[in-house]
Amino acid sequence: MRNTRVVLLLLAAGCASQRPEQEVIQDAKDKVFPAVVFIKPIQQEFRGGKMEKIQVFGSGAIISPEGYVVTNNHVAEKATEIKCILSDKEELSAKVVGLDPETDLAVLKLDLSERKSKAPLPCAKFGDSRKLRVGEMVMAMGAPHGLDRSVSKGIVSSLERYFDFSPYNLWIQTDAAINPGNSGGPLVNIDGEIIGINARGMRGAENLGFAIPAETVIAVVDLIVKHGKVSRAWTGLRFQPLKDFRKSSFLEAKQGVLVASVDEGSPAEKAELRAGDIAVAVESEPVRGMYETDLPAVERRFAGLAVDKPVRMEVLRGAETRQVTLTPAAKEKQEGEDFECKKWDMTVKEITKFADPLLHFSKPRGLYIQGVKFNGNARVSGFANGDILLSVGDRPVETLKDIREVHESSLKMERGKCKLLFRVIRNGYRRLVVLDFEKDMEHLDDE
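Quick note on numbering: our numbering labels position 320 of the sequence shown as 1038, and the sequence is numbered without any gaps.
Printed below as a string of structure tokens:
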């Protein structure tokens, strides 16, 4: 009987030590919520053959007393102006410190000289996303659909969600509501730590939201704050797991990763690597790419190689093991810049191997028509989206500087002579197109 009373007392003490869930949630929220900011960028978009400025909404979290804010790349990219609303309703300007499209992360810096409040700037701390467990409770914070800041609660439903468009990390999947506008806001654990940055939901699916793990965020933010950008090596190798359940492809190899393809003109091609090779080791360090969830670590390994420094690779080709020397190059920018040729009613864009691989195959360096305005001069003259520009008259055009100068010169042409001969590549074939920009389409409706 006495033993029973002791057990009951111990159970009662244990129950008494358990904090109510609501109290745990509130304490965790209070540690991070004051650092959540509502971000209002004005983005410059090129679509329909013209440049437009549009208001978008996003979220972010203040992570330092100096005013650094982490958010998504897709919130901050192409921003001409950024305003951030703090938890005390004060609105501050912010500038972009750096962007990393490949992880969809960005760092902003608040202009603290505009701040009227003398209170310390609220900051949030990062937690260790490697310690997360499936089923653990989390909170997604942000400004959904441009509304005021809010919190949604859920659990971690997966820690190994792989997307091939995001090569360097696995994603945290949660059923905490993540809607447009939540992008860039923090995913928070019950200890009040940022363990992820909300990035996307999934259209047509319920209770599926995805966040970038804090482990990735910390590494990228550190590089951006120190260098203003994230630099990576480029090898031209594209990988596939040894056991690919999506493609029902299964290799008998016990170690390594399958080389799915080799980019033309890349360091890998120069090293005579081929599709079908199995990369077994780099500098005697084993490469592990058995399943698709192993691929982000493989990608980080190759992206982290020193640029222009030869490395030794062990490759399995059929039954033969080969030693290969690979010299990585610096990875160029992901996406080219845009320019609006206003008088011509079209926009042009730089070709890059990563954003425009098919166009890059036809012309590794140059410009293409990104868009033509409906019923504008370019469309009426026969130009089409995707046309690669070769020359205007006798002048070759390969850079934005070239096309800017040609466009500026065309503005000075006399009425009745507003025509230019373009040489372009369309669907692999060269052709001539005469641009007639005699009409001022922008004011035609007013006449």
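Glycine included, every Cβ here is placed at the ideal spot set by N, Cα and C. Predicted, not measured: the structure shown is a model, and the values here were computed from it.
{"Item": "Spatial neighbours of Ala1048 within its chain, please: C-beta separation below 6 Å, excluding the five flanking residues on both sides.", "Value": "Val1025"}
{"Item": "Please name the residue in Ala923, Leu941, Ala858, Glu832 whose C-alpha comes closest to that of Gly899.", "Value": "Ala858"}
{"Item": "Can we say the stretch 741–750 touches the stretch 782–794, given the rule of at least three CB pairs closer than 8 Å?", "Value": "no"}
{"Item": "Using the Cα positions of Ile772 and Arg765, report the straight-line distance between them to the nearest angstrom.", "Value": "11 Å"}
{"Item": "Does the beta-carbon of Ala734 have 16 or more other beta-carbons within 10 angstroms, so that it is buried, or is it exposed?", "Value": "Note on Ala734: pLDDT 48, under 50, position unreliable in the model; the coordinate value appears next. Classification of Ala734: exposed, given that the 10 Å Cβ count is below 16."}
{"Item": "Note the first and the last residue of the continuous alpha helix (DSSP H) segment covering Ile1143.", "Value": "Careful: Ile1143 lies outside any alpha helix (DSSP H), inside the beta strand (DSSP E) at 1137–1144."}
{"Item": "What ranges does the beta strand (DSSP E) occupy inside the stretch 789–874, keeping only unbroken runs of at least 3 residues that lie completely in it?", "Value": "797–803, 809–818, 823–828, 855–860"}
{"Item": "Compare the C-alpha of Ser1099 against each of Leu877, Trp1062, Val856, Leu1034 and name the closest.", "Value": "Trp1062"}
{"Item": "May I ask you to report which of helix, strand or coil DSSP gives Phe968?", "Value": "strand"}
{"Item": "Inspect the beta-carbon positions of Val815 and Ile930 and report whether they are closer than 8 Å.", "Value": "no"}
{"Item": "On the three-state DSSP scale, how would you describe Arg1122?", "Value": "helix"}
{"Item": "Pairing CB atoms from the stretch 949–959 with CB atoms from the stretch 1031–1050, are three or more of them under 8 Å?", "Value": "yes"}
{"Item": "Would you check if the distance between the CB atom of Pro1004 and the CB atom of Gln958 is smaller than 8 Å?", "Value": "no"}
{"Item": "How far does the alpha helix (DSSP H) with Asp882 in it reach, from first residue to last?", "Value": "Neither: Asp882 is in no alpha helix (DSSP H) and is coded neither H nor E."}
{"Item": "Contact defined as beta carbons within less than 8 Å: I believe Val975 pairs with Gly1007. What is the distance between those atoms, to the nearest angstrom?", "Value": "3 Å"}
{"Item": "Helix, strand or coil: which one does DSSP assign to Ala932?", "Value": "helix"}
{"Item": "Under the three-state reduction of DSSP, which class applies to Pro1004: helix, strand or coil?", "Value": "strand"}
{"Item": "In this structure, does DSSP put Lys768 in helix, strand or coil?", "Value": "strand"}
{"Item": "Kindly indicate which residue of Gln1052, Leu991, Leu1013, Glu1068 has the alpha-carbon position closest to the one of Arg1035.", "Value": "Leu991"}
{"Item": "Can you give the Cα-Cα distance for Ala1037 and Ile890, rounded to whole angstroms?", "Value": "39 Å"}
{"Item": "For the putative contact between Leu1107 and Val1142, defined by C-beta atoms under 8 Å, what is the C-beta separation to the nearest angstrom?", "Value": "6 Å"}
{"Item": "Under three-state DSSP, which class holds Leu926?", "Value": "coil"}
{"Item": "In whole angstroms, what separates the C-alpha of Val939 from that of Arg1018?", "Value": "16 Å"}
{"Item": "Using only alpha-carbon positions, find the residue among Asn887, Gly914, Phe881, Tyr886 that is nearest to Val874.", "Value": "Gly914"}
{"Item": "Pull up the distance between the alpha-carbon of Leu823 and that of Ile780, whole angstroms please.", "Value": "14 Å"}
{"Item": "Expressed to the nearest angstrom, what Euclidean distance is found between the alpha-carbon atoms of Lys1067 and Arg1149?", "Value": "19 Å"}
{"Item": "Could you give the DSSP three-state label for Ala753: helix, strand or coil?", "Value": "helix"}
{"Item": "What are the start and end residues of the alpha helix (DSSP H) that includes Pro1014?", "Value": "1013–1021"}
{"Item": "Nearest to Val1029 by CA position, among Pro985, Arg848, Glu799, is which residue?", "Value": "Pro985"}
{"Item": "Could you tell me how far apart the beta carbons of Val742 and Pro759 are, in whole angstroms, since I believe they sit closer than 8 Å?", "Value": "The Cβ separation is near 34 Å, so there is no contact."}
{"Item": "Please state whether the Cβ-Cβ distance between Ala837 and Lys827 is less than 8 Å.", "Value": "no"}
{"Item": "Smallest Cα separation from Ser805: which of Lys1130, Val754, Lys1135?", "Value": "Val754"}
{"Item": "How would you label Met1031, buried or exposed, when you count the other beta carbons within 10 angstroms and need 16 or more for buried?", "Value": "buried"}
{"Item": "Using only alpha-carbon positions, find the residue among Leu905, Arg1040, Asp962, Lys1135 that is nearest to Ile1012.", "Value": "Contrary to the premise, residue 1012 reads as Asp rather than Ile in this sequence. Considering only alpha carbons, the answer is Asp962."}
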